[in-house]
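Participant: Numbering (my numbering), first residue to last: 179 to 260.
Handing you a structure now.
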Amino acid sequence: MGSARIRPARLGEKLGEVRSRLGYSQREMAFFLSDDEASIYPQDVHRYEKNERDPPLVILLRYARLARVAMEVFADDKLDLP
(Lines of atoms letter the chains of each structure in order from A and count residues from 1; the text may use other names and numbers.)
(Lines give C-alpha, C1' and ligand atoms only; values in the text may rest on other atoms or scores of the structure.)
Protein backbone atom coordinates (compact mmCIF):
# COMPACT_ATOMS: atom_id res chain seq x y z
CA MET A 1 0.00 0.00 0.00
CA GLY A 2 1.13 3.52 -0.78
CA SER A 3 0.71 6.52 1.41
CA ALA A 4 -1.36 9.54 0.49
CA ARG A 5 0.43 12.31 -1.33
CA ILE A 6 1.08 15.36 0.82
CA ARG A 7 -0.82 18.32 -0.56
CA PRO A 8 0.86 21.72 -0.47
CA ALA A 9 -1.48 24.04 1.46
CA ARG A 10 -0.72 27.01 -0.80
CA LEU A 11 -1.04 25.22 -4.14
CA GLY A 12 -4.46 26.62 -5.05
CA GLU A 13 -3.43 30.12 -4.02
CA LYS A 14 -0.34 29.93 -6.23
CA LEU A 15 -2.27 28.57 -9.21
CA GLY A 16 -4.77 31.42 -8.90
CA GLU A 17 -1.93 33.91 -8.65
CA VAL A 18 -0.35 32.53 -11.83
CA ARG A 19 -3.63 32.91 -13.71
CA SER A 20 -4.12 36.40 -12.35
CA ARG A 21 -0.60 37.51 -13.26
CA LEU A 22 -1.08 36.18 -16.78
CA GLY A 23 -4.33 38.13 -17.01
CA TYR A 24 -6.39 35.07 -18.00
CA SER A 25 -9.97 34.25 -17.11
CA GLN A 26 -10.64 30.72 -15.89
CA ARG A 27 -11.97 29.91 -19.37
CA GLU A 28 -8.79 31.20 -21.02
CA MET A 29 -6.58 29.34 -18.54
CA ALA A 30 -8.48 26.12 -19.25
CA PHE A 31 -7.85 26.63 -22.97
CA PHE A 32 -4.10 27.12 -22.47
CA LEU A 33 -3.85 24.10 -20.16
CA SER A 34 -5.71 21.78 -22.54
CA ASP A 35 -4.36 19.76 -25.43
CA ASP A 36 -5.18 16.57 -27.34
CA GLU A 37 -4.24 14.44 -24.34
CA ALA A 38 -6.07 16.36 -21.61
CA SER A 39 -9.12 18.60 -21.75
CA ILE A 40 -9.37 21.07 -18.90
CA TYR A 41 -12.55 23.02 -18.25
CA PRO A 42 -13.06 26.35 -16.46
CA GLN A 43 -14.65 24.52 -13.51
CA ASP A 44 -11.47 22.43 -13.21
CA VAL A 45 -9.39 25.61 -12.96
CA HIS A 46 -11.80 26.88 -10.29
CA ARG A 47 -11.49 23.64 -8.31
CA TYR A 48 -7.68 23.72 -8.50
CA GLU A 49 -7.60 27.29 -7.22
CA LYS A 50 -10.01 26.54 -4.36
CA ASN A 51 -8.04 23.42 -3.32
CA GLU A 52 -11.09 21.27 -4.05
CA ARG A 53 -9.14 19.14 -6.52
CA ASP A 54 -5.47 18.44 -7.20
CA PRO A 55 -4.34 19.07 -10.76
CA PRO A 56 -2.71 16.11 -12.51
CA LEU A 57 1.06 16.41 -12.69
CA VAL A 58 0.98 17.11 -16.43
CA ILE A 59 -1.35 20.08 -15.80
CA LEU A 60 0.87 21.33 -12.97
CA LEU A 61 3.80 21.16 -15.40
CA ARG A 62 1.81 23.26 -17.89
CA TYR A 63 1.10 25.85 -15.20
CA ALA A 64 4.82 25.96 -14.41
CA ARG A 65 5.74 26.40 -18.05
CA LEU A 66 3.17 29.15 -18.59
CA ALA A 67 4.42 30.96 -15.48
CA ARG A 68 8.07 30.19 -16.29
CA VAL A 69 8.73 28.84 -12.81
CA ALA A 70 10.09 25.56 -11.49
CA MET A 71 7.47 23.04 -10.37
CA GLU A 72 9.22 23.09 -7.00
CA VAL A 73 7.60 26.49 -6.38
CA PHE A 74 4.16 24.83 -6.43
CA ALA A 75 5.25 21.89 -4.27
CA ASP A 76 6.98 23.84 -1.52
CA ASP A 77 4.78 26.09 0.63
CA LYS A 78 7.89 27.94 1.83
CA LEU A 79 8.58 29.21 -1.68
CA ASP A 80 6.75 32.18 -3.17
CA LEU A 81 6.15 32.82 -6.85
CA PRO A 82 8.94 35.00 -8.24
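Note that the Cβ used here is the ideal one computed from N, Cα and C, for glycine as well.
Is the CB-CB distance between D254 and P186 below 8 Å?
Facilitator: Yes. Within cutoff.
Participant: Which residues in the same chain have their Cβ closer than 8 Å to the Cβ of V236, if we skip the five residues on either side of it in sequence?
Facilitator: Here the set comprises E215, A216.
Participant: Give the range of the alpha helix (DSSP H) segment to which S198 is assigned.
Facilitator: Its alpha helix (DSSP H) spans residues 189 to 200.
Participant: Look at Y226 and G201 and say whether their C-beta atoms are less than 8 Å apart.
Facilitator: The answer is no: Cβ separation not under 8 Å.
Participant: Assuming D222 contacts A208 under a Cβ cut-off of 8 Å, what Cβ separation, rounded to an integer in Å, is found between them?
Facilitator: Sure, about 6 Å apart at Cβ, within 8 Å.
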